[in-house]
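Peer 1: I have a structure here, written as structure tokens, and I will follow up with some questions on it.
Chains as they are written, first to last, in the numbering used here: chain A, 3 to 319; chain B, 3 to 319.
Spelled out as structure tokens, the structure:
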């Protein structure tokens, strides 16, 4: 967006002009191979070849100092995490990724190239081309990532489709990200395995598409922690749940597994676990882990028979 | 995006929980009629019925104090302008709008409902449903709007297609937005016609689709002012231009018309002005205004025979 309509605004107080910066960033985030008939960065909008089936869209914003502790992590991690978090929302619908656009605000002196290198890394590991963006001045470094994908064949999977009797599963053990943050603050290196899990989360795209293919009833990604997201899932579906287990990742605590968030594993409800396991096996994916059962009574929300309380991080306004 | 993976973060320092705020905002921006087979706010991602033809996507970020002078304008104008600016990028491609997602950061105490009412207003006047969003804490109020649309039939119109000999036209006189800002700062009321032009710009969606239908060669929206955008247009097309006129809006100065920006009129290059006029007339649109001619020599950039210099506002980093 332009700003402001005032020819008297002082110029040159920052070091580089917007057009120049955008050109350099376009080289960093561009994947090189633009499909025939598509146009990415450089026009008023990006143009993509027709989507197949439903279009699936999500937006996610990350703020330096809120979503990433800049004392312990490099700026590029903010870029990586912002893209990964957005792509995870497509995974949660069972969508195939088509692309992303990124809108950044930053104060003078921010290393925008480093920030965008992190986004480019996430773009590569998720095969999600960054097809456009915008830049503006601001006091905070903020990264708003919007991703879009498609659901050919069967439609997208909602969080609202869980039915009494369904089995609940997750695509992996929980708490790795929170454990990594704790370890980093205690002095672990940036390449420590759990620290990497925090810095470089991997959206479960293949798992999401496999689950959609297997005809699961409901799905969401665990971004704010099972302690909050499972309640949202149950609320949306109008059901309760009885958990028999929370799979805690090696090196993580039970509290980190429940409330930590940012694991981006998928939570799935299905009445055909055998089929789900078979599809995952067929595609070379790790078998999902059973954690409990969906029950009809909305008020029943337990772990091993004890109340499973709503807890996790929320922004407050 | 969740933040941060740390159960020790203090809670309750802000007045309202994220889930509650989102629910209220969803009521403000929701258009009510969600088409069959679509799902908007409330899941991990929005799901839209299949797009027809090319998918067109753009993102735009606005920052309070940078893109809107909060001394003179209410917060809702930031929401309106952010959505309108993004939608204008779709107009510039000749696209039909399908929807928008909005990512907001804001400090404690921000009237998020007012901000989103402005977005909802822009959503209504552009028939662009807001289908999803995200909220996070930050020091600045920032609004990142991503819009998506479709181009059935003929593909999108790029800024790079202008050819020597083409006529250049704009969809309306220029400088209204800058004049409105000046008038407001000099004491004009919020309902002054030019002040409204600044606060509530109208993207030229119908004009963009009409121009695409008329087979124009190139198009872009004038967001940063003709003095900057026409050069970008010529650069992208590898051409020069000879202007014979800059249509100055009533109440605006020549400088405001050239450098003011935020008018969101469309700049069009075509070799068939008669057809363009006829299509506009057919659709009840105001006839576009001829301003000059495209020439082969890239270095030729003139207004009435004098050099037309590159000038206008750019963010600096």
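Virtual Cβ for every residue (Gly too), placed ideally from N, Cα, C. Quick caveat: nothing in here was measured; it's all calculated off a predicted structure.
1. For residue 62(B) and chain A, any beta-carbon pair shorter than 8 Å?
2. If residue 60(A) sits next to residue 88(A), beta carbons under 8 Å apart, how far is it from one beta carbon to the other, in whole angstroms?
3. In the region 156 to 174 of chain B, which residues sit with their C-beta less than 8 Å from some C-beta in chain A, listed in chain order?
4. Going along the chain, which residues of its own chain have a beta-carbon closer than 7 Å to the beta-carbon of residue 219(A), five neighbours each way excluded?
5. Just checking, does the region 253 to 263 of chain A make contact with the region 201 to 219 of chain A on the three C-beta pairs under 8 Å criterion?
6. Would residue 213(B) be called buried (16 or more neighbouring beta carbons within 10 Å of its own) or exposed?
7. Within 8 Å (strictly less), CB to CB, does residue 232(A) reach chain B?
8. Which residues in chain A sit within 8 Å of residue 222(B), going by Cβ to Cβ distance?
9. Let's test the definition: count the other Cβ atoms within 10 Å of the Cβ of residue 37(B) and tell me whether it reaches 16, buried, or not, exposed.
10. What is the DSSP secondary structure of residue 68(A), counted as helix, strand or coil?
11. On the CB-based measure, 16 or more other CB atoms within 10 Å of its CB, does residue 11(B) come out buried or exposed?
12. In the DSSP assignment, find the unbroken beta strand (DSSP E) run with residue 223(B) in it and report its ends.
13. Are residue 98(A) and residue 221(A) touching if we call contact CB-CB under 8 Å?
14. Where does residue 135(B) sit, in a helix, a strand or coil, going by DSSP?
15. Which first and last residues belong to the beta strand (DSSP E) in which residue 150(B) is found?
16. Can you name, in chain order, every residue of its own chain whose Cβ lies under 7 Å from the Cβ of residue 244(A), other than the five neighbours on each side?
17. What's the call for residue 285(A), buried or exposed, on a 16-neighbour Cβ count within 10 Å?
18. Starting from the Cα of residue 20(A), find the closest Cα among 82(A), 109(A) and 102(A) and give me that residue.
19. For the region 23 to 87 of chain B, list the beta strand (DSSP E) runs that are entirely contained and at least 3 residues long, ordered along the chain.
20. Of all the beta strand (DSSP E) runs that stay within the bounds of the region 184 to 269 of chain B, which reach a length of 3 or more residues?
21. Quick one: measure Cβ to Cβ for residue 197(A) and residue 190(A), integer angstroms, because I've assumed they're closer than 8 Å.
22. Decide if residue 209(B) is buried, meaning its Cβ has at least 16 other Cβ atoms within 10 Å, or exposed.
23. Tell me whether residue 20(B) sits in a helix, a strand or coil according to DSSP, three-state version.
24. Give the range of the beta strand (DSSP E) segment to which residue 101(A) is assigned.
25. Where does residue 2(B) land, buried or exposed, given buried means 16+ other C-beta within 10 angstroms?
26. I'd like to know whether the C-beta of residue 123(B) is nearer than 8 Å to at least one C-beta of chain A.
27. Please tell me whether residue 142(A) and residue 107(A) are closer than 8 Å, where the distance is taken between their beta carbons.
28. Does the Cβ of residue 83(B) have 16 or more other Cβ atoms within 10 Å, making it buried, or fewer, making it exposed?
29. Going by beta carbon distance, what residues of the same chain come within less than 6 Å of residue 161(A), once the five residues before and after it are set aside?
30. May I ask you to report which of helix, strand or coil DSSP gives residue 307(A)?
31. Going by C-alpha to C-alpha distance, which of 129(A), 104(A), 120(A) and 148(A) sits closest to residue 136(A)?
32. Between residue 157(A) and the rest of its own chain, which residues show a CB-CB distance below 7 Å, the 5 nearest in sequence each way excluded?
33. I need the straight-line Cα distance from residue 180(B) to residue 233(A), nearest angstrom please.
34. On the three-state DSSP scale, how would you describe residue 292(B)?
35. Could you check the C-alpha separation between residue 249(B) and residue 176(B) for me, to the nearest Å?
36. Run down chain B in chain order and give the residues with a C-beta less than 7 Å from the C-beta of residue 290(A).
Peer 2: Based on what the coordinates show:
1. yes
2. 6 Å
3. 157, 158, 160, 161 and 162
4. 163, 164, 165, 168, 271, 272 and 273
5. no
6. buried
7. no
8. 45 and 46
9. exposed
10. coil
11. Note that residue 11(B) scores a pLDDT of 36, beneath 50, so its modelled location is shaky; the value from the coordinates is reported in the next line. Exposed, by the Cβ-count rule.
12. 220 to 223
13. no
14. strand
15. 144 to 153
16. 294, 295, 297, 302 and 304
17. exposed
18. 109(A)
19. 48 to 50 and 56 to 65
20. 220 to 223 and 242 to 245
21. 5 Å
22. buried
23. helix
24. 98 to 108
25. Summary: the structure shown does not reach residue 2(B), with chain B confined to residues 3 through 319, and so no result is reported for it.
26. no
27. yes
28. buried
29. 220, 222, 235 and 238
30. coil
31. 104(A)
32. 56
33. 50 Å
34. strand
35. 6 Å
36. Under the 7 Å cutoff, chain B gives no residues; its nearest Cβ is about 17 Å from residue 290(A).
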